[in-house]
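Engineer:
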Amino acid sequence: MKPIRKILVSQPRPLSEHNPYSDMERQYGVEFDFRQLIQIQGLSAKEFRQQRINPLDYTAVLLSSRLGIDHYFRMCEEMRIQVPETMHYYCISESVANYLQKYIQYRKRKVFFSEHNNFADLLPAMNRRPNEKYMMVLSDVHHDAEIQMFAQHKITIQPAILYRTVAIEWPKDEPFDYDMVVLFTPSGVQALRTNFPDLKDGDKQIACFGQNTLTALEAAGLHAVISAPTPQCPSITTALNKYLEQLS
103 MKPIRKILVS QPRPLSEHNP YSDMERQYGV EFDFRQLIQI QGLSAKEFRQ QRINPLDYTA
163 VLLSSRLGID HYFRMCEEMR IQVPETMHYY CISESVANYL QKYIQYRKRK VFFSEHNNFA
223 DLLPAMNRRP NEKYMMVLSD VHHDAEIQMF AQHKITIQPA ILYRTVAIEW PKDEPFDYDM
283 VVLFTPSGVQ ALRTNFPDLK DGDKQIACFG QNTLTALEAA GLHAVISAPT PQCPSITTAL
343 NKYLEQLS
């Protein structure tokens, strides 16, 4: 097996110098290069209107990320919509809910969040409000599992795409000289294919995080030598460390 010396991690570089990647660089003599393969673009108000959705028709917003919050309020500003004080917010986690304070005065009676990072936790609060009308902020790349879950509980959700994920073009004069590529999202897999359509299975060793990423990788005809999380390796860094240790 070809030795691993240079690894592309498709995420931003950790802010702290003390991180698992730096530890692995010192221990195994590898080099990590942190470069994102995708970027987020917000839809314009004109593009959003093509979905025929008026945010003011809804009494509640479902939010799964800070990014979704930013684009919801950005879109309302572009459309010159004053978000009502009575709007309710249902968030995937407490950290997402806390981020709302950037835009609104946080009040518990109008902000709800899951303690276990899933929307199913919010069903009791939603069932107490049978007249609520929900809009869910989404990217163009998303899964409909949550919407289907709500439908099973007779709760209607209006999906609203407010931003898209696009591939960052790899410079044509820059070599892609990595022994391993670490991917975190299906969009990252798509970006890899977009930039390197002739890439064959085995050309690069690939590590991936998340079942959806693994599924997208296999659909692209590529194989993962590392896949996390697992019970033994709950993070991509623990999986990388174990793999590099075996090679050393």
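Just so we're aligned: the sequence shown equals residues 103 to 350 in our numbering.
We put the CB at the ideal spot given by N, CA and C, even for glycine.
Computed from a predicted structure; not experimentally measured.
Note down, one range per segment and in chain order, each alpha helix (DSSP H) of at least 4 residues found wholly within the region 308-347.
Structural biologist: 313-321
Engineer: Name the residue from 261, 328, 298 and 252 whose alpha carbon lies nearest to the alpha carbon of residue 285.
Structural biologist: To locate residue 285, count along the sequence shown from 1; it is residue 183. Ranking the options by Cα distance to residue 285, first place goes to 328.
Engineer: Measure the C-alpha to C-alpha separation of residue 128 and residue 220 and round it to an integer number of angstroms.
Structural biologist: In the sequence shown, residue 128 corresponds to position 26, counting from 1. In the sequence shown, residue 220 corresponds to position 118, counting from 1. Cα atoms of residue 128 and residue 220: separation of roughly 38 Å, rounded to the nearest angstrom.
Engineer: To the nearest angstrom, report how far apart residue 112 and residue 136 are at their CA atoms.
Structural biologist: Residue 112 sits at position 10 when you count from the first residue of the sequence shown. Residue 136 sits at position 34 when you count from the first residue of the sequence shown. Within the model, the alpha-carbon separation for residue 112 versus residue 136 is close to 6 Å.
Engineer: Can you give me the start and stop residues for the beta strand (DSSP E) that residue 171 sits inside?
Structural biologist: On the sequence shown, residue 171 is found 69 positions in, with the first residue counted as 1. No beta strand (DSSP E) contains residue 171, which is instead part of the alpha helix (DSSP H) from 168-180.
Engineer: Starting from the C-beta of residue 345, find all residues in its chain whose C-beta is less than 6 Å away, skip the five residues before and the five after it, and write them out in chain order.
Structural biologist: What you label residue 345 is simply residue 243 of the sequence shown in a count that begins at 1. These residues qualify, in order along the chain: 328.
Engineer: If we count the other Cβ atoms within 10 Å of its Cβ and call it buried at 16 or more, is residue 217 buried or exposed?
Structural biologist: In the sequence shown, residue 217 corresponds to position 115, counting from 1. Its Cβ having fewer than 16 others within 10 Å, residue 217 is exposed.
Engineer: With DSSP collapsed to three states, give me the class of residue 278.
Structural biologist: In the sequence shown, residue 278 corresponds to position 176, counting from 1. Three-state result, residue 278: coil.
Engineer: Mark residue 141 as exposed unless 16 or more other C-beta atoms lie within 10 angstroms of its C-beta, in which case mark it buried.
Structural biologist: The sequence position of residue 141 within the sequence shown is 39, counting from 1. Classification of residue 141: exposed, given that the 10 Å Cβ count is below 16.
Engineer: Could you compute how far the alpha carbon of residue 279 sits from the alpha carbon of residue 133?
Structural biologist: For the purposes of this step, residue 279 is identified with residue 177 of the sequence shown, where counting begins at 1. For the purposes of this step, residue 133 is identified with residue 31 of the sequence shown, where counting begins at 1. Roughly 12 Å between the two C-alpha positions.
Engineer: State the DSSP-derived secondary structure class of residue 135, mapped to helix, strand or coil.
Structural biologist: Position 33 of the sequence shown, counting from 1, holds the residue named residue 135. Residue 135: strand per DSSP, three-state reduction.
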